[in-house]
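Here the structure is laid out as structure tokens; the discussion comes afterwards.
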Amino acid sequence: MVSDNQNFNRRFGSLAWGAFFILLGVSALLRLPNGTNLFGIGIILLALNAARALNGLRVCGFTLTLGVIALGLGAMDLLRAFNIVTTNVPTLPILLIAIGAMWLARGLRRS
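The letter at position 63 of the sequence shown is residue 62 when you use numbering that gives the first Met the number 0, and the numbering goes up by one with no holes.
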């Protein structure tokens with residue numbers, strides 16, 4: 000039998016996936032500035048974990064960390080797109096390296 004916690008967790012996951020695909024579709028249709036997708040993904044992942052926490056569910060450290068990274072890198076890209084910040088930080092490689100490092104650390108902890 001599926002517990003209420005599992006139902007809530009599944010529902011929150013479905014809502015997050017729905018928001019993710021809507022974000023990608025709107026971004027493709029409207030040609031939003033660079034960084035919009037990363038920033039939006041960060042918000043979605045942080046909102047997912049906030050919903051989990053507010054309903055007494057365990058927060059997922061991986062998606063929480065990924066959300067913070069995506070939000071920060073997306074914000075940097077958006078600031079660059081509007082010429083507020085002029086530094087040239089390669090956000091996608093940094094994001095990929097961070098994800099890989101998190102998975103490696105997670106795998107090493109379980110060993």
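Even glycine gets a Cβ: it sits at the ideal position worked out from N, Cα and C.
Computed from a predicted structure; not experimentally measured.
- Measuring C-alpha to C-alpha distances from Asn-8 to each of Met-101, Leu-53 and Ala-104 identifies Leu-53 as the nearest.
- DSSP places Thr-90 within a helical segment (H, G or I) once states are collapsed to three.
- Comparing C-alpha distances from Phe-11 to each of Arg-57, Ile-96 and Thr-35 shows the shortest one belongs to Arg-57.
- Straight-line measurement puts the Cα of Asn-48 at about 8 Å from the Cα of Thr-62.
- When secondary structure is reduced to three states using DSSP, Val-67 falls in the helix class.
- Under the DSSP assignment, Thr-85 falls outside any alpha helix (DSSP H); it carries neither an H nor an E label.
- Val-25: member of the alpha helix (DSSP H) spanning 3–29, first to last residue.
- An exposed status is given to Gly-60, since fewer than 16 other beta-carbon atoms sit within 10 Å of its beta-carbon.
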